[in-house]
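See structure below.
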Amino acid sequence: MTKIKTALESKRNGIYYNNRIILPFKCEFLKIIFENKIITDFSSGNPDVEIVEHENFTDIYFKKYKDIQNEFSKYESIKLIVCEKDADIFDFNNHIKLLLYIENEHIIKIELPDENQIIID
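Taking numbering that gives the first Met the number 0, the leading residue of the sequence shown gets 0, the next gets one more, and so forth.
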């Protein structure tokens, strides 16, 4: 299983197809922020997103969109607050804030926010 930190250090990208984002790691999701939505319910009945874990990667399905490339510009980010699978989720120091940018050729650029980019925990 690839860790978030390892994926970031090696500058691994995610990929996307239609309404699906594939992240190169597994993690616990705490929050997904996109457009004017803040998602904290990751149960199977959520009408906005569905998370599917695989052995070495994670899928995020944006259920209300046919193709996320048409919904987000390359300047808009999808914001995540996540935690490593084996980390203590109750320790806020273990919460990792990530920015996902939709690039060309099905690439999702994954970055840590800089000090000028605010993601409310």
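The beta carbon of each residue, even a glycine, is placed where N, CA and C say it ideally should be.
All values derive from a computational prediction rather than experimental measurement.
field: Where the alpha helix (DSSP H) through residue 7 begins and ends
entry: 3-8 is the extent of the alpha helix (DSSP H) around residue 7.
Local conformation of residue 91 per DSSP, three classes: Residue 91: helix per DSSP, three-state reduction.
message: Rounding to the nearest angstrom, what Cα-Cα distance links residue 18 and residue 70 in this structure?
response: If you draw a straight line from the Cα of residue 18 to the Cα of residue 70, it is about 10 Å long.
query: What number of angstroms, rounded off, separates the C-alpha of residue 114 from the C-alpha of residue 78?
result: Taking the straight line joining both Cα atoms gives about 15 Å.
query: residue 97 and residue 81: beta carbons closer than 8 Å?
result: Yes, they are a contact pair.
Proximal residues to residue 110 (C-beta, below 6 Å), its chain only, five neighbours per side dropped: If we look at residue 110 and ignore the five residues flanking it on each side, its Cβ neighbours are 98.
- prompt: Going along the chain, which unbroken runs of the beta strand (DSSP E) with 3 or more residues stay wholly within the segment 23-64?
  reply: Listed in chain order, they are 27-33, 36-38, 48-52 and 57-61.
- prompt: Who are the near neighbours of residue 33 in its chain, counting only those whose CB is closer than 6 Å to its CB and skipping five residues on each side?
  reply: These residues qualify, in order along the chain: 77.
message: Any contact between the segment 5-24 and the segment 55-71? By contact I mean 3 or more CB pairs, one from each, below 8 Å.
response: Touching, yes.
message: Contact defined as beta carbons within less than 8 Å: I believe residue 31 pairs with residue 106. What is the distance between those atoms, to the nearest angstrom?
response: Between residue 31 and residue 106, the beta carbon gap of about 19 Å keeps them out of contact (Cβ cut-off 8 Å).
message: Are the CB atoms of residue 93 and residue 102 within a distance shorter than 8 Å?
response: No, they are not a contact pair.
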